[in-house]
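Right, one structure below, let's go through it.
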Amino acid sequence: MRRMIITATIALLLLSPMPTLSARQKLERKPSVGTAAKLGPEEQPPRQNNQAWLPLVQMPQSAPPPNLAELITPGFDYATWYEAETGYAGNPEYFGAYALTPVGDTLYLGFGTARPAEDGNNGALFASTDAITVTAISPLDEQGFIGMTPHNGVIYIPGADPTDRGPDHQWDWGNTYVYSPPDDFTKHRNLPNVIHTWGLWHHPTQDRLYAAVSSHQGDYKTWSGEIFVSADQGNSWARLADRDDGVGEYRTYDITGLGGKLYATWNDVYQEPCGLAQSDNEGNTWTRLPAFASQTACRTRLFVYANRLLALSFDRTELLALDTDSTVTTHSFPDFSVKTWAYNYLAEDSAGRIYTITEDGRVMRTANLNAWETLVSGDRAFITIAYWPEKDWIVLADRGRDYANLWKIDLSSVAAFTPPPTPAVAIQQHADFVTLDWPDSTGAYRVYRSESPYFTSHLSNLRDQPTQATIDMPLIADENHFYLVRSKDASANLSLPSNRTGVFHFALVPG
Numbered sequence: 357m358r359r360m361i362i363t364a365t366i367a368l369l370l371l372s373p374m375p376t377l378s379a380r381q382k383l384e385r386k387p388s389v390g391t392a393a394k395l396g397p398e399e400q401p402p403r404q405n406n407q408a409w410l411p412l413v414q415m416p417q418s419a420p421p422p423n424l425a426e427l428i429t430p431g432f433d434y435a436t437w438y439e440a441e442t443g444y445a446g447n448p449e450y451f452g453a454y455a456l457t458p459v460g461d462t463l464y465l466g467f468g469t470a471r472p473a474e475d476g477n478n479g480a481l482f483a484s485t486d487a488i489t490v491t492a493i494s495p496l497d498e499q500g501f502i503g504m505t506p507h508n509g510v511i512y513i514p515g516a517d518p519t520d521r522g523p524d525h526q527w528d529w530g531n532t533y534v535y536s537p538p539d540d541f542t543k544h545r546n547l548p549n550v551i552h553t554w555g556l557w558h559h560p561t562q563d564r565l566y567a568a569v570s571s572h573q574g575d576y577k578t579w580s581g582e583i584f585v586s587a588d589q590g591n592s593w594a595r596l597a598d599r600d601d602g603v604g605e606y607r608t609y610d611i612t613g614l615g616g617k618l619y620a621t622w623n624d625v626y627q628e629p630c631g632l633a634q635s636d637n638e639g640n641t642w643t644r645l646p647a648f649a650s651q652t653a654c655r656t657r658l659f660v661y662a663n664r665l666l667a668l669s670f671d672r673t674e675l676l677a678l679d680t681d682s683t684v685t686t687h688s689f690p691d692f693s694v695k696t697w698a699y700n701y702l703a704e705d706s707a708g709r710i711y712t713i714t715e716d717g718r719v720m721r722t723a724n725l726n727a728w729e730t731l732v733s734g735d736r737a738f739i740t741i742a743y744w745p746e747k748d749w750i751v752l753a754d755r756g757r758d759y760a761n762l763w764k765i766d767l768s769s770v771a772a773f774t775p776p777p778t779p780a781v782a783i784q785q786h787a788d789f790v791t792l793d794w795p796d797s798t799g800a801y802r803v804y805r806s807e808s809p810y811f812t813s814h815l816s817n818l819r820d821q822p823t824q825a826t827i828d829m830p831l832i833a834d835e836n837h838f839y840l841v842r843s844k845d846a847s848a849n850l851s852l853p854s855n856r857t858g859v860f861h862f863a864l865v866p867g
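Residue numbers (the numbering used here): 357 to 867.
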């Protein structure tokens, strides 16, 4: 097969936004507190008792757009704090808080070295904050963190991917964790042959804790989705369903309840879309729902809203809603897709409005699943969103060792807005640079560059902030160069990303 090499080719790109067992381990660990006090490094007092005074560093970020503020004192270095607490350095691209769960005046935080079950990225941390200090409760023996389930003040945590060593293989048993404030934190390593515990759901009135897991059949190669139930807070488990019962020949990713029924996300083939299964008898038998078969995203959490079950479509561009009368409706997003790697991607406030986070750095709101308005438009990669009723705040997390942070939107003062005009960018190539041009609209712009055509306008890719509607960008030999431009208004709100343009060097294989 002939290979055609195309070099220095200019392209305007339009790319689419992919039996009962028991074991109990008591974890004895005093919480430590990371305090974001308004002190410079030279002013910070020595560490005393369990209080961890961490240096406040200047993060490589510009001021946030309107409506968005840091959750605690600006400049708190979550990556350094996380490494001190776990011994693991955060992944440069994926470190962050992948779960946020408010209970009263406490916001619980689930940090991961990288995404849940990210190969080669051990480390996870369960923590909390009162919006003033950050308290590390306990590290988890996992690769990453995917969620938390609160019930009657107790927090249940699924073990996304065990890292346990010793006499057992790390996949001989799956983990769950139970936290009863203020200091009772227990690890249960007692789910047989479980590789990933993806989701937990506690029945609101019964002592029944359900687990959606991925397992093997004792051979580490025959995979299965499974459902377990515990009547004693995870001290012991009974298997309800496996790969032969409709909950996934490969994996089961989540479980929740609505209207006296259970729902689980199933998957039969790795990297293929997921579907939804329903049980009318507390998980003993399951029926797959045709309207959701091979339609839904896998790791994103199921969400109950207005007596409807919401699932995200596989391409992340619409919501599938299941009513208690079995009616299914589809609600397409107008001009956005939900952020990739956002597993906890929806939040509902006390007024019944829904919020989500987008691939292009926006926070959107709707009161009816159809008409959406913009609350934030910036260049941070939000991966988690939740509503904190005690504060009436939307709380968010973004990712990256140098960029991970926690944010808030105060709903008592937030106002929706229309983003500034989106630039239409043209590109011209010269000997050792390219010129980008676009119609002037706001007099302030942000230019992003990457070697990947599928990059996003994340802060890590920011290369320049011109005040004119043109810029020359240097070329580096034998490197691909792809560009996005966003306009910025006087309030520092950003437009949607422009069309993609680029200069690329790569091999094409015909056919």
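Think of the CB as a built atom: it goes at the ideal place given N, C-alpha and C, for glycine as much as any other residue.
Nearest-angstrom beta carbon gap, threonine 612 and tryptophan 557 [assumed within contact, 8 Å]: 5 Å
Three-pair Cβ contact test at 8 Å for the stretch 782-793 versus the stretch 451-465: no
6 Å Cβ shell around proline 472 - same chain, five flanking residues per side excluded: Gly500, Ile502, Ala516
Nearest-angstrom Cα separation, counted from cysteine 654 out to glutamate 605: 14 Å
Meets three-Cβ-pair contact criterion under 8 Å: the stretch 645-654 and the stretch 595-604: no
Whole-angstrom C-beta distance between isoleucine 713 and leucine 752, which should lie under 8 Å: 7 Å
Sub-8 Å separation of proline 458 and glutamate 746 beta-carbons: yes
Ordered list of beta strand (DSSP E) runs contained in the stretch 469-555, each at least 3 residues: 480-485, 489-496, 505-507, 510-514, 529-536, 540-548
Local conformation of alanine 435 per DSSP, three classes: helix
Alpha carbon of leucine 868 to alpha carbon of alanine 567, nearest angstrom: Nothing about residue 868 can be read from this structure; the chain reaches only from 357 to 867.
Leucine 815 (DSSP reduced to helix, strand or coil): helix
7 Å Cβ shell around alanine 419 - same chain, five flanking residues per side excluded: Ala848
Buried or exposed (CB count within 10 angstroms, at least 16 for buried), glycine 452: buried
Residue from Ser570, Pro777, Ala470, Glu674 whose Cα sits closest to the Cα of glutamate 449: Ala470
6 Å CB neighbourhood of alanine 455 in its chain, flanking five on each side removed: Gly466, Phe501, Gly503, Met504, Asn700
Proline 776 versus phenylalanine 689: straight-line alpha-carbon distance, rounded: 19 Å
Glycine 639 classed as buried or exposed, judged by whether at least 16 other C-beta atoms fall within 10 angstroms: buried
Other residues of its chain near histidine 507: CB distance less than 6 Å, five sequence neighbours each side excluded: His558
Close Cβ partners of valine 569 (< 7 Å) along its chain, the five nearest in sequence each way excluded: Gly530, Leu547, Val550, His552, Thr553, Trp554, Glu582, Phe584, Thr608
For proline 646, three-class secondary structure by DSSP: helix
N- and C-terminal bounds of the beta strand (DSSP E) containing aspartate 828: 826-830
C-alpha gap between aspartate 820 and valine 803, whole angstroms: 5 Å
Sequence-distant residues of its chain with Cβ nearer than 7 Å to threonine 680 (five each side left out): Leu614, Gly615, Asn663
Under 8 Å between C-beta atoms of threonine 778 and aspartate 716: no
Chain-order list of residues whose beta-carbon lies under 6 Å from that of tryptophan 624 (same chain, five-residue window excluded): Here residue 624 is aspartate; the residue named in the question, tryptophan, does not match the sequence. Cβ within range, chain order: Glu605, Tyr606.
Continuous beta strand (DSSP E) stretch holding tyrosine 606: start and end: No beta strand (DSSP E) contains tyrosine 606, which DSSP labels as neither H nor E.
The beta strand (DSSP E) enclosing alanine 685, as first and last residue numbers: According to the sequence shown, residue 685 is threonine rather than alanine. Run containing threonine 685: 684-688, per the beta strand (DSSP E) assignment.
Buried/exposed call for asparagine 477, threshold 16 Cβ in 10 Å: buried
Span separating the alpha-carbon of leucine 632 from that of aspartate 528: 27 Å
Neighbourhood of leucine 674 by C-beta distance below 7 Å, restricted to the same chain and skipping five residues each side: The sequence given here has glutamate at residue 674, not leucine. Contacts found: Thr686, His687, Ser688, Phe689.
Glutamate 441 (DSSP reduced to helix, strand or coil): helix
Helix, strand or coil at leucine 850 [DSSP, three-state]: strand
Closest Cα partner of aspartate 588 within the set Asn817, Val534, Asn637: Val534
Extent of the continuous beta strand (DSSP E) to which alanine 568 belongs: 565-572
Minimum C-alpha distance to serine 484 - residue among Ile428, Leu731, Pro514, Ala445: Ile428
Closest by C-alpha distance to leucine 722, when choosing among Arg709, Val732, Asp497: The amino acid at residue 722 is misidentified as leucine; the sequence shows threonine. The option with the nearest alpha carbon to threonine 722 is Arg709.
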